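Whatever position you read off the sequence shown (first residue = 1), add 38 for the numbering used here.
Just so you know, even glycine gets a beta-carbon here, dropped at the ideal spot from N, CA and C.
Predicted, not measured: the structure shown is a model, and the values here were computed from it.
Working notes for the structure below.
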Amino acid sequence: MRKFKKTVACLLMATTVLGAATLAYAGSETLNGGGASWHGGIDDGTIYSYVDDEAEDGVRYKVTVWCKSDDGLKTEVTGTTNGVREKGRVKATRAATDKSWFEVNRCGYKNFSCVAAR
């Protein structure tokens, strides 16, 4: 009985570890008190990361968005929002891969700043 419990526990742990490495995560975050937002995730085999200006308040945002596939290839796009929502979007995309069981596809943003009023 003890050997059976250990075997079941090991199988459950292995399934959890391998399953977590292949799951697709999506996220979003509100920036600058609701003036901008970041969205990222995987959709139809494509990793995406983008920042939108959410309000017509005259503020522009400079940001670098990035996507990294599990095989280590990375795409970075640095830009400034020049409109509201999709019109002013700063976006990076990369094809998602499933080559590594221990590394996941990732996306995010960095160097977010307010640059000037329009």
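Taking the alpha carbon of residue i as the point to measure from, which residue in the options has its own alpha carbon closest?
i: V128; options: G96, K148 and I80; result: K148
i: S107; options: V101, G83 and Y88; result: G83
i: N143; options: D109, F42 and W76; result: D109
i: T102; options: K125, G78, G96 and E92; result: G78
i: K112; options: K100, Y99 and A130; result: A130
i: G146; options: I85, F140 and A74; result: I85
Leaving out five residues before and five after residue i in sequence, what residues of the same chain have Cβ atoms less than 8 Å from its Cβ?
i: E94; result: V122
i: V153; result: R98, Y99, K100 and T118
i: S151; result: Y99, K100 and V101
Just the Cα atoms here: how many angstroms apart are residue i and residue j?
i: T29; j: D81; result: Since the first residue of the chain shown is 39 and the last is 156, residue 29 is not available in this structure.
i: G126; j: S138; result: 34 Å
i: I72; j: V89; result: Note that residue 72 is Gly in the sequence shown, not Ile. Taking the straight line from one Cα to the other gives about 12 Å.
i: E67; j: A133; result: 22 Å
i: N120; j: R98; result: 7 Å
i: S87; j: T45; result: 41 Å
i: M39; j: F140; result: 32 Å
i: A74; j: T116; result: 16 Å
i: F42; j: L69; result: 50 Å
In the DSSP assignment, find the beta strand (DSSP E) that holds residue i and state where it starts and stops.
i: L69; result: G65 to L69
i: V128; result: V128 to A133
i: A74; result: A74 to D81
i: K100; result: V97 to K106
i: E114; result: K112 to T118
i: V89; result: T84 to D91
Please list, in chain order, all residues of the same chain as residue i whose beta carbon is under 7 Å from its beta carbon, the five residues on each side excluded.
i: E114; result: T102, W104 and A130
i: G65; result: G78 and G79
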